[in-house]
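Take a look at the structure set out below.
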Amino acid sequence: MKINQHTTDHTFTLVLDGELDASSSVLLDTELNQPSILEYQKVLIDCQKLNYISSAGLGVFISHLQRFQDANVKLVFFNMQEKVHNVFEILGLDSLLTIVPSQAEATAI
Amino acid sequence: MSLSRKSSSFMQPFAILSWVGLLVCTLLYARPALAPGVGTPPGWLLLGVQAVFAAAVFLQERARPDRLRGLDFVGLLRNLVFGPGLLATVCVVLHLVERLLKAEMPGTSPLLFTVLYTVNVGLFILFLARTNYSWRSLVLFRSSARLRRIWEWFELLLGFTLLLSLVPRSLPYSLTTALLGGLAVLGVYISSHQKWVAYLNRRQKIQAVLLQSGVIVAMGIFAAYFLQTQYDPLLVAPAPQHAFLVLNAFFAAFYAFMGLMVTFFNLPTAGVFEQKREEILSLQRLTQLIQKSQTPEEVYRMLFDSAIQTVEADAAWLEVESIDNSEYTGQHYHVSPDQAAAIQRLLTEYNLGHIEYLNNDLQNSAGFRSLELPYGSLIVMPLRSSKRQYGALYMLKEQRQGFDRENLSILQTFTSQTVLSIENLQLMQASIQNQLVQEELKIASSVQDSLIPKDLPIDNWFEISSHAQAAKEVGGDFYDFLHLPGRRLAVLIGDVSGKGITAAFHVAQMKGIFHALMQENPLARNEREKFPVPSKFMAQANNALARCLEKAAFITASLYIIDYEHGGFVFARAGHCHTLYYHSIKEEVSYFHTAGLGLGIIRNDSYEKHIKNQFYDYNPGDVMVIYTDGIVEARNAAGEEYGENRLLLMLERTYYMDAAVIKEKILADLEEFSRGQPMHDDQTLLVIKFRASQPDIPL
Numbered sequence: 001m002k003i004n005q006h007t008t009d010h011t012f013t014l015v016l017d018g019e020l021d022a023s024s025s026v027l028l029d030t031e032l033n034q035p036s037i038l039e040y041q042k043v044l045i046d047c048q049k050l051n052y053i054s055s056a057g058l059g060v061f062i063s064h065l066q067r068f069q070d071a072n073v074k075l076v077f078f079n080m081q082e083k084v085h086n087v088f089e090i091l092g093l094d095s096l097l098t099i100v101p102s103q104a105e106a107t108a109i
Numbered sequence: 110m111s112l113s114r115k116s117s118s119f120m121q122p123f124a125i126l127s128w129v130g131l132l133v134c135t136l137l138y139a140r141p142a143l144a145p146g147v148g149t150p151p152g153w154l155l156l157g158v159q160a161v162f163a164a165a166v167f168l169q170e171r172a173r174p175d176r177l178r179g180l181d182f183v184g185l186l187r188n189l190v191f192g193p194g195l196l197a198t199v200c201v202v203l204h205l206v207e208r209l210l211k212a213e214m215p216g217t218s219p220l221l222f223t224v225l226y227t228v229n230v231g232l233f234i235l236f237l238a239r240t241n242y243s244w245r246s247l248v249l250f251r252s253s254a255r256l257r258r259i260w261e262w263f264e265l266l267l268g269f270t271l272l273l274s275l276v277p278r279s280l281p282y283s284l285t286t287a288l289l290g291g292l293a294v295l296g297v298y299i300s301s302h303q304k305w306v307a308y309l310n311r312r313q314k315i316q317a318v319l320l321q322s323g324v325i326v327a328m329g330i331f332a333a334y335f336l337q338t339q340y341d342p343l344l345v346a347p348a349p350q351h352a353f354l355v356l357n358a359f360f361a362a363f364y365a366f367m368g369l370m371v372t373f374f375n376l377p378t379a380g381v382f383e384q385k386r387e388e389i390l391s392l393q394r395l396t397q398l399i400q401k402s403q404t405p406e407e408v409y410r411m412l413f414d415s416a417i418q419t420v421e422a423d424a425a426w427l428e429v430e431s432i433d434n435s436e437y438t439g440q441h442y443h444v445s446p447d448q449a450a451a452i453q454r455l456l457t458e459y460n461l462g463h464i465e466y467l468n469n470d471l472q473n474s475a476g477f478r479s480l481e482l483p484y485g486s487l488i489v490m491p492l493r494s495s496k497r498q499y500g501a502l503y504m505l506k507e508q509r510q511g512f513d514r515e516n517l518s519i520l521q522t523f524t525s526q527t528v529l530s531i532e533n534l535q536l537m538q539a540s541i542q543n544q545l546v547q548e549e550l551k552i553a554s555s556v557q558d559s560l561i562p563k564d565l566p567i568d569n570w571f572e573i574s575s576h577a578q579a580a581k582e583v584g585g586d587f588y589d590f591l592h593l594p595g596r597r598l599a600v601l602i603g604d605v606s607g608k609g610i611t612a613a614f615h616v617a618q619m620k621g622i623f624h625a626l627m628q629e630n631p632l633a634r635n636e637r638e639k640f641p642v643p644s645k646f647m648a649q650a651n652n653a654l655a656r657c658l659e660k661a662a663f664i665t666a667s668l669y670i671i672d673y674e675h676g677g678f679v680f681a682r683a684g685h686c687h688t689l690y691y692h693s694i695k696e697e698v699s700y701f702h703t704a705g706l707g708l709g710i711i712r713n714d715s716y717e718k719h720i721k722n723q724f725y726d727y728n729p730g731d732v733m734v735i736y737t738d739g740i741v742e743a744r745n746a747a748g749e750e751y752g753e754n755r756l757l758l759m760l761e762r763t764y765y766m767d768a769a770v771i772k773e774k775i776l777a778d779l780e781e782f783s784r785g786q787p788m789h790d791d792q793t794l795l796v797i798k799f800r801a802s803q804p805d806i807p808l
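Protein chains in written order, with my numbering: chain G, 1 to 109; chain S, 110 to 808.
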């Protein structure tokens with residue numbers, strides 16, 4: 001799992017590359033735990049290269065959900081592969097999270 | 110050996126008897142009047158009896174077990190000196206008594222002198238036998254087969270000299286001399302074998318020199334006695350076994366003398382050997398101590414102390430690169446950290462920081478001279494394994510040429526032993542940690558196992574078949590059944606996120622919630638409200654879990670309440686896998702795609718909005734397949750997932766079979782798909798097949 005980040009004025013983007021399982025979810029948690037992240041309006045998660053997400057990986061997003069909502073930070077996923085999207089959908093997260101097909105739409109929100 | 114033992118016990122009375130015979134013969138020889146009828150015994154008889162006595166004593170000594178115990182050479186010598194040494198003293202005392210008697214009672218003595226003389230001859234022969242067989246132990250110590258053969262010949266030839274004096278005088282004098290001379294030379298040759306001396310330390314060598322001097326003195330006392338009595342006019346004794354006694358005495362004395370010389374000239378080198386021995390011993394001690402110690406710090410301290418002691422360094426310091434922020438970074442001995450740092454800087458400048466380095470002339474290298482150190486020699490010994498560098502050991506000595514290659518190699522051994530121990534300790538800690546985890550998993554696994562219902566509901570309205578297999582790492586799959594009044598059955602299936610013992614706890618919690626909530630509500634206004642509908646159940650469960658589930662954890666579950674009297678069921682899906690269903694009238698297999706959020710994701714009342722009930726009327730022959738994600742996410746060698754589609758195809762092929770058979774077919778297909786791949790997650794599979802409503806027939 002590789003996690004790259006880049007920022008613009010208002011957005012913070014994390015690019016996930018590989019499989020998000022129990023061990024790599026620790027890395028993701030560290031990234032999302034940065035206090036400075038709450039200063040952005042939006043946190044974008046680029047899932048184009050995310051091949052797999054385990055329940056531990058989902059748990060990391062879930063655990064930060066409330067914190068982002070309280071700080072009024074939007075969490076947006078984009079470029080999600082179908083099988084990963086399926087996992088989000090089965091768990092019911094698609095109704096809770098903002099998942100958009102492309103980066104353009106993600107930026108537009 | 111047993112034969113010679115026997116001969117030993119046989120020889121003792123024989124020796125005593127022959128000595129008594131010798132005494133009688135000698136007395137008769139001195140005073141024929143004692144037994145007028147017998148007369149003076151002939152010379153050959155006397156010599157013969159002497160020979161028999163000598164042979165008996167020597168054979169008896171020869172047959173005794175080796176006097177040398179292990180490497181206790183000093184003990185052997187001590188026994189010899191305090192045994193035969195005492196004999197010599199007795200001999201001297203007898204001699205003094207004899208002198209005294211001679212002065213006090215001049216008239217009566219010859220007979221007594223003869224007795225004493227015979228006693229002394231006996232003692233001397235005993236002494237010779239003891240000494241020479243002690244020497245044999247030393248000569249043959251780690252000897253070659255050739256030397257053993259030579260020794261045997263030497264013994265045999267010495268024995269032969271006993272016969273020499275019995276032979277009529279016709280033997281030419283020169284031949285006898287040549288023979289005896291040759292034997293003496295052989296004795297000298299044998300005396301050159303003093304290998305044992307090398308095994309003595311300095312102290313033992315000094316003891317050996319003293320004890321060997323003791324042997325020579327004892328030998329001298331005997332010799333002096335015999336030389337003096339030989340010409341004593343009072344003594345009337347026959348000629349002794351000259352050749353044999355002289356040769357043996359010569360060998361005994363010469364070997365002792367050679368040993369004395371060898372030991373004496375070996376004394377100066379004893380210190381060096383002892384130091385080497387000390388080095389080996391301290392290495393051994395170090396190894397033992399290191400194995401006992403619990404922490405890397407203890408190991409380093411031991412290395413440091415042993416190294417200073419062994420190479421006798423005047424100053425030293427140990428620098429340790431800290432592992433996982435442990436506090437120990439090394440220690441100093443008679444050198445200030447500033448000096449150490451200065452030397453280290455210099456070494457780094459020369460690019461010698463962490464390599465094995467020996468400088469025996471610090472004053473002659475400009476860099477070190479400028480530091481104005483009071484030291485002349487330096488060793489740098491890095492501590493490293495193939496994996497990493499642990500630090501380095503620096504040793505200093507005041508004098509120049511203070512260290513040699515041996516110091517270097519012994520330090521090398523010390524450090525490699527230390528590094529090995531450090532790595533072993535790390536491995537051991539890892540393995541203990543591992544064991545704890547294994548233990549935890551075992552507990553979790555048994556907890557989980559106990560949470561899976563062992564008895565499936567049996568009824569003639571439906572068939573249920575179940576399968577549950579935990580992956581090695583315990584996950585959190587669960588399922589349960591509960592009979593409700595009015596021919597209803599509640600079926601719960603779910604999966605707790607996370608692994609290990611926490612997951613097992615949450616499974617237990619979830620089952621507790623299930624059994625608690627599925628209780629009849631006595632205040633219910635109508636039949637339908639007596640038990641919570643699945644969506645209500647999920648909302649209440651979510652509420653209960655909100656307070657105890659950790660932040661990143663969630664649970665997916667599906668609850669089905671089957672009313673088989675009315676042929677319908679209601680279910681709610683809280684983020685759990687979709688239900689696969691065979692519809693017997695439409696003859697169609699499909700998934701129920703319903704919305705529903707996992708438990709613990711939203712922890713407030715708004716959760717209820719995210720969960721829906723779905724009602725369904727079933728027909729006989731319908732099949733419901735419920736499972737956990739471990740089934741559809743199982744992978745093959747190419748990394749592809751088993752998937753919902755393949756599962757659906759399997760049901761299309763098997764729906765007409767019995768529930769148990771359908772389950773077996775699906776599992777067999779799954780097994781074939783993921784053959785050779787490790788199981789990532791727990792797999793749970795339930796197949797429920799509905800039958801036509803039937804009258805209640807007791808089973």
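Ideal placement from N, C-alpha and C gives every residue a C-beta, glycine not left out.
Cα-Cα, which of the options is closest to residue i?
i         : options                                       : result
Phe587(S) : Phe571(S), Asp568(S), Trp570(S) and Ile622(S) : Ile622(S)
Leu38(G)  : Leu75(G), Asn4(G) and Gly57(G)                : Leu75(G)
Glu481(S) : Leu487(S), Gln448(S), Thr457(S) and Arg509(S) : Gln448(S)
Asn229(S) : Arg245(S), Lys211(S), Val206(S) and Ser246(S) : Val206(S)
Leu271(S) : Phe614(S), Leu369(S) and Val355(S)            : Val355(S)
His685(S) : Gly585(S), Ser783(S) and Thr763(S)            : Gly585(S)
Gln313(S) : Leu232(S), Val326(S), Phe363(S) and Val183(S) : Val183(S)
Val556(S) : Arg762(S), Val429(S) and Phe614(S)            : Phe614(S)
Gln472(S) : Gln498(S), Gly511(S) and Leu461(S)            : Gly511(S)
Phe724(S) : Glu753(S), Ala743(S) and Asp672(S)            : Asp672(S)
Leu189(S) : Ala139(S), Ala165(S), Val161(S) and Arg245(S) : Arg245(S)
Exposed or buried, residue i, counting other C-beta atoms within 10 Å across all chains shown (16 or more means buried)?
i         : result
Met733(S) : buried
His351(S) : exposed
Ala104(G) : exposed
Pro807(S) : Interpretation of Pro807(S) is limited by its pLDDT of 49, a score under 50 that renders its predicted location unreliable; no figure is taken from the coordinates.
Thr13(G)  : buried
Asp181(S) : exposed
Ile567(S) : exposed
Cys47(G)  : buried
Phe353(S) : buried
Glu458(S) : exposed
Classify residue i as helix, strand or coil using the three-state DSSP reduction.
i         : result
Pro446(S) : helix
Arg682(S) : strand
Ala747(S) : coil
Ala104(G) : helix
Cys200(S) : helix
Arg239(S) : helix
Tyr673(S) : coil
Phe663(S) : coil
With distances taken between CB atoms, is the gap from residue i to residue j smaller than 8 Å?
i         : j         : result
Val297(S) : Thr372(S) : no
Arg478(S) : Glu383(S) : no
Leu487(S) : Val420(S) : no
Ala451(S) : Met504(S) : no
Asp738(S) : Tyr690(S) : no
Met328(S) : Ala362(S) : yes
Phe782(S) : Tyr751(S) : yes
Ala108(G) : Phe78(G)  : no
Glu465(S) : Tyr484(S) : no
Lys811(S) : Ala681(S) : Absent from the model: residue 811(S). The displayed extent of chain S is 110 to 808, so no value can be given.
* Asked: For the region 500–579 of chain S, which segments carrying the beta strand (DSSP E) assignment without a break, of at least 3 residues, lie completely within its bounds, in sequence order?
  -> 571–578
* Asked: Which parts of the region 755–807 of chain S are runs of the beta strand (DSSP E), unbroken and 3 residues or longer, counting only runs that do not cross its ends?
  -> 792–799
* Note down, one range per segment and in chain order, each alpha helix (DSSP H) of at least 4 residues found wholly within the region 267–347 of chain S. => 282–300 and 311–339
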